[in-house]
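A quick write-up on the structure given underneath.
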Amino acid sequence: MAQLHAFSIAAAASSGNLFFNGYKGGGLFPLHNKLYYSRRSSYCQELGAKMSEIHGCAVAPTVVSITEAHNMQVVRAILSSEKEVVHGIEEGRGLRGKLNKVVLAYSGGLDTSVIVPWLRENYGCEVVCFTADVGQGMRELEGLEEKAKASGACQLVVKDLKEEFVKDFIFPCLRAGAIYERKYLLGTSMARPVIAKAMVDVAREVGADAVSHGCTGKGNDQVRFELTFFALDPSLKVVAPWREWEITGREDAIEYAKSHNVPVPVTKKSIYSRDRNLWHLSHEGDILEDPDNEPKKDMFMMSVDPEDAPNRPEYVEIEIVSGIPISVNGKDLSPASLLSELNEIGGRHGIGRIDMVENRLVGMKSRGVYETPGGTILFTAARELESLTLDRETMQVKDSLALKYAELVYAGRWFDPLRESMDAFMEQIARTTTGSVTLKLYKGSVVVTGRKSPYSLYRQDISSFESGQIYDQADAAGFIRLYGLPMRVRAMLERGM
0 MAQLHAFSIA AAASSGNLFF NGYKGGGLFP LHNKLYYSRR SSYCQELGAK
50 MSEIHGCAVA PTVVSITEAH NMQVVRAILS SEKEVVHGIE EGRGLRGKLN
100 KVVLAYSGGL DTSVIVPWLR ENYGCEVVCF TADVGQGMRE LEGLEEKAKA
150 SGACQLVVKD LKEEFVKDFI FPCLRAGAIY ERKYLLGTSM ARPVIAKAMV
200 DVAREVGADA VSHGCTGKGN DQVRFELTFF ALDPSLKVVA PWREWEITGR
250 EDAIEYAKSH NVPVPVTKKS IYSRDRNLWH LSHEGDILED PDNEPKKDMF
300 MMSVDPEDAP NRPEYVEIEI VSGIPISVNG KDLSPASLLS ELNEIGGRHG
350 IGRIDMVENR LVGMKSRGVY ETPGGTILFT AARELESLTL DRETMQVKDS
400 LALKYAELVY AGRWFDPLRE SMDAFMEQIA RTTTGSVTLK LYKGSVVVTG
450 RKSPYSLYRQ DISSFESGQI YDQADAAGFI RLYGLPMRVR AMLERGM
């Protein structure tokens, strides 16, 4: 049973702002058995009259003066698990409703650190923080448990999803040739559904009735997360704080964090908004918001500047089986290890930098700069191998479907039956996409130098300019006459022939 302790609210007045228990703004105070949240001094004027009714308290419209504070007490229950729950909200409800347990997609950054106490205050719930390791690097995973607990979470769950991410999400997109708007290799788009899928699994494991994320209301990620939640467990409630709270920007979030004794992981000045995983690193914001500005040289993290890359090229051989890469330079590797190897090789040669203005799902355009060294190498190798193994009609149909496939992934519809059906088609036609490709990497460029396949449709004895028994050049005359017949008939009609 929870042990009950009492504490006094210490209050002071300063410039019309309320101070409760050491919190400036954003604090909770009791009023007629309910908890109210004060964030701006304007609230004092609205609630001044009601506060004056409380025994031992007097509130002025402009200057807050609270006397005999020792007579005011609020009961705080400290649970055995050291989680603190502020009582006074009827039946344990939060300011916006009641949830039992929420699984939060947690990065340890400012936004998700602030969301933890916000969920507890507004929904009266326990918060389980979930972090997915999709290859963002150990540096981003360090100290997460301490940060989560300091924010008020009851538990942190970390899952290593790197192999699943590459095998079940990246490689199918690679096999499909999915590229969004001619350039974007879908790094973030592929990562969100694998994370959201794991969140649903964790929600079931811990008995949560809701999930939450820190995506803004302007971006694509909110759609990607929530469509996955809908597809895998429609019974889960979804809480998206950025679409609900009064926090309007990073400075507000920092002030909220400080008022709730949450460690602030960043300063008020943030240079770029980044998303990193094993496939890519994206950069947005700051000077990149003007599409006419050249990215700064020191912004890039996965790749060297092509101008500073080695002066000698490096050759790399990729072996592919049924559209899926399995080895690098003759060394068999797991999916995640293979991609990591190519990231290192490609990064030192400045491979895979993309600067683009894209159309977001929500309607606006955005500018992003992406580093995808290993992915660029793999896409080049896969396409070159297909030039040997796919006939013209199949290649054209595949390319046309790849556009729709990429659009579905970008839009967060990974678990849509349409994408799954298209993936079955891609798997079928890739059965013969087996062989090896040799590429030359040099100062940001990837050039194919050789490709071979046991299923190659290329026949040297047919393609040679030398005469052969299979292809008779004289046959071309009849083919041209039949192939060009529609054009010839139209021209005859126009000339009255």
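Here the sequence shown is numbered in numbering that gives the first Met the number 0, starting from 0 and rising by one per residue.
Yeah, the Cβ is synthetic: ideal placement off N, Cα and C, and Gly gets one too.
Straight-line gap, P497 to V446 (C-alpha atoms, nearest Å): The question about residue 497 has no answer, for the chain in this structure spans 0 to 496.
Which full runs of the beta strand (DSSP E) of 3+ residues lie inside the stretch 238-275, going along the chain? Fully enclosed beta strand (DSSP E) runs of 3 or longer: 272-275.
Report yes if the C-beta distance between G216 and D110 is below 9 Å; otherwise report no. The residue you call residue 216 lines up with position 217 of the sequence shown. The residue you call residue 110 lines up with position 111 of the sequence shown. No, these two residues do not count as a Cβ contact at 9 Å.
Here's a check: name, in chain order, each residue in its chain whose Cβ is nearer than 6 Å to the Cβ of T448, leaving out the five neighbours to either side. Looking up residue 448 in the sequence shown gives position 449. Result list for T448: T437, K439, in chain order.
Using only the alpha-carbon positions, how far apart do S529 and L456 sit? Nothing can be reported for residue 529, as the shown portion of the chain is limited to 0 through 496.
Using only the alpha-carbon positions, how far apart do G94 and L417 sit? In the sequence shown, counting from the first residue as 1, residue 94 sits at position 95. In the sequence shown, counting from the first residue as 1, residue 417 sits at position 418. The sequence shown places Leu at residue 94, rather than the Gly named in the question. Cα-Cα distance, rounded: 40 Å.
Which word fits F228, buried or exposed, when buried means at least 16 other C-beta atoms lie within 10 angstroms of its C-beta? For the purposes of this step, residue 228 is taken as the residue at position 229 of the sequence shown. Buried is the call here.
My output table needs one value for G186: the three-state DSSP class, helix, strand or coil. One-based indexing of the sequence shown puts residue 186 at position 187. If DSSP states are grouped into helix, strand and coil, G186 belongs with the helices.
Nearest neighbour of N276, chosen from A476, D471, E426, G136 [CA to CA]: For the purposes of this step, residue 276 is taken as residue 277 along the sequence shown, with counting starting at 1. Each of A476, D471, E426, G136 was checked against the Cα of N276, and the nearest Cα belongs to G136.
Is it right to say S420 is buried, meaning 16 or more other beta carbons lie within 10 angstroms of its own, or is it exposed? What you label residue 420 is simply residue 421 of the sequence shown in a count that begins at 1. It is exposed - the Cβ of S420 has fewer than 16 other Cβ atoms within 10 Å.
Helix or strand or just coil, what does DSSP make of G483? Residue mapping note: residue 483 aligns to position 484 of the sequence shown, counting from 1. Three-state result, G483: coil.
Terminal residues of the beta strand (DSSP E) in which Q154 lies: For this step, residue 154 is matched to residue 155 along the sequence shown. From DSSP, the beta strand (DSSP E) with Q154 extends over 154-159.
According to DSSP, is S365 helix, strand or coil? Looking up residue 365 in the sequence shown gives position 366. S365 falls in the strand class under three-state DSSP.
Under 7 Å Cβ to Cβ from L231, same chain only, skipping five residues before and after it: list those, please. Residue mapping note: residue 231 aligns to position 232 of the sequence shown, counting from 1. Cβ neighbours of L231 beyond the five flanking positions: K196, V199, F414.
Beta-carbon proximity list for S41, same chain, < 8 Å, skipping 5 on both sides: What you label residue 41 is simply residue 42 of the sequence shown in a count that begins at 1. With a pLDDT of 39 at S41, under the threshold of 50, the modelled position of this residue cannot be trusted; read the value that follows with caution. The answer is none, since no qualifying residue turns up.
Sequence-distant residues of its chain with Cβ nearer than 8 Å to V193 (five each side left out): The residue given as residue 193 occupies position 194 in the sequence shown. Answer for V193: A131, V133, L160, E163, F164, D167, F168, listed in chain order.
Integer-rounded CB distance, given that S302 should sit under 8 Å from P372: Against the sequence shown, residue 372 aligns to sequence position 373. Against the sequence shown, residue 302 aligns to sequence position 303. Sure, about 5 Å apart at Cβ, within 8 Å.
Burial state of I350 (16 or more Cβ within 10 Å): Position 351 of the sequence shown, counting from 1, holds the residue named residue 350. Buried, by the Cβ-count rule.
What are the complete alpha helix (DSSP H) segments, minimum 4 residues, inside the stretch 382-427? 391-409, all fully within the stretch 382-427.
Cβ atoms of L155 and C128: under 9 Å apart, would you say? The count along the sequence shown starts at 1 and reaches residue 128 at position 129. The count along the sequence shown starts at 1 and reaches residue 155 at position 156. Yes. Within cutoff.
Going by C-alpha to C-alpha distance, which of D354, M355, A152 sits closest to V261? If you number the sequence shown from 1, residue 261 lands on position 262. When D354, M355, A152 are compared, the shortest CA-CA separation from V261 is found for A152.
Using beta-carbon positions only, say whether L338 and L402 come within less than 9 Å of one another. Here residue 338 is taken as the residue at index 339 of the sequence shown, counted from 1. Here residue 402 is taken as the residue at index 403 of the sequence shown, counted from 1. Not closer than 9 Å, so no.
Run the CB neighbour count on Q395, radius 10 Å, all protein chains shown included, and call it buried at 16 or more, exposed below. Working through the sequence shown from its first residue, we reach residue 395 at position 396. Under this definition Q395 is an exposed residue.
For E316 and N328, I'd like the C-alpha separation in whole angstroms. As a first step, residue 316 must be located in the sequence shown, where it is residue number 317. As a first step, residue 328 must be located in the sequence shown, where it is residue number 329. Going by the C-alpha atoms only, they are around 5 Å apart.
What residue range does the alpha helix (DSSP H) around F530 cover? Outside the shown range of the chain (0 to 496) lies residue 530, about which nothing can therefore be said.
Once you ignore the five residues that flank V222 on each side, which residues in its own chain have a CB closer than 8 Å to its CB? As a first step, residue 222 must be located in the sequence shown, where it is residue number 223. Excluding five sequence positions before and after V222, the CB atoms of its chain that fall closer than 8 Å to its own CB belong to L360, V361, A410, G411, given in chain order.
So is L484 buried or exposed if we call it buried at 16+ other beta carbons inside 10 Å? To locate residue 484, count along the sequence shown from 1; it is residue 485. Exposed.
Same chain only: Cβ atoms within 8 Å of Y271, ignoring 5 sequence neighbours per side: Taking the first residue of the sequence shown as 1, we reach residue 271 at position 272. Taken in chain order, the residues that qualify are H282, E283, G284, D285, L287, M298.
Three-state secondary structure (DSSP) of F164: Along the sequence shown, one-based indexing puts residue 164 at 165. In the three-state reduction of the DSSP assignment, F164 falls in the helix class.
C-alpha gap between V210 and K236, whole angstroms: Translated into positions along the sequence shown, residue 210 becomes position 211. Translated into positions along the sequence shown, residue 236 becomes position 237. Their backbone Cα atoms lie some 6 Å apart in a straight line.
Using a Cβ-Cβ cut-off of 6 Å (strictly less than) and excluding sequence neighbours within five positions of T388, which residues of its own chain qualify? As a working mapping, residue 388 is identified with position 389 in the sequence shown. Here T388 has T431, T432, S452, Y454 as same chain residues with Cβ atoms under 6 Å from its own Cβ, once five neighbours each way along the sequence are excluded.
What residue ranges within the stretch 99-155 form continuous alpha helix (DSSP H) runs of no fewer than 4 residues, ordered along the chain? Residue ranges of uninterrupted alpha helix (DSSP H) with 4 or more members, entirely inside the stretch 99-155 and ordered along the chain, are 109-122, 137-140, 143-150.
Per-residue DSSP class, three states only, for P309: The residue labelled residue 309 in the question sits at position 310 within the sequence shown. Coil at P309, not helix or strand.
Around the Cβ of I319, are there at least 16 other Cβ atoms within 10 angstroms (buried) or fewer (exposed)? Within the sequence shown, numbered from 1, the residue matching residue 319 stands at position 320. I319 is buried by the Cβ-count criterion.
Could you check which residue in E250, K100, T187 has the C-alpha nearest to that of V368? Residue 368 sits at position 369 when you count from the first residue of the sequence shown. Per the C-alpha coordinates, the member of E250, K100, T187 positioned closest to V368 is T187.
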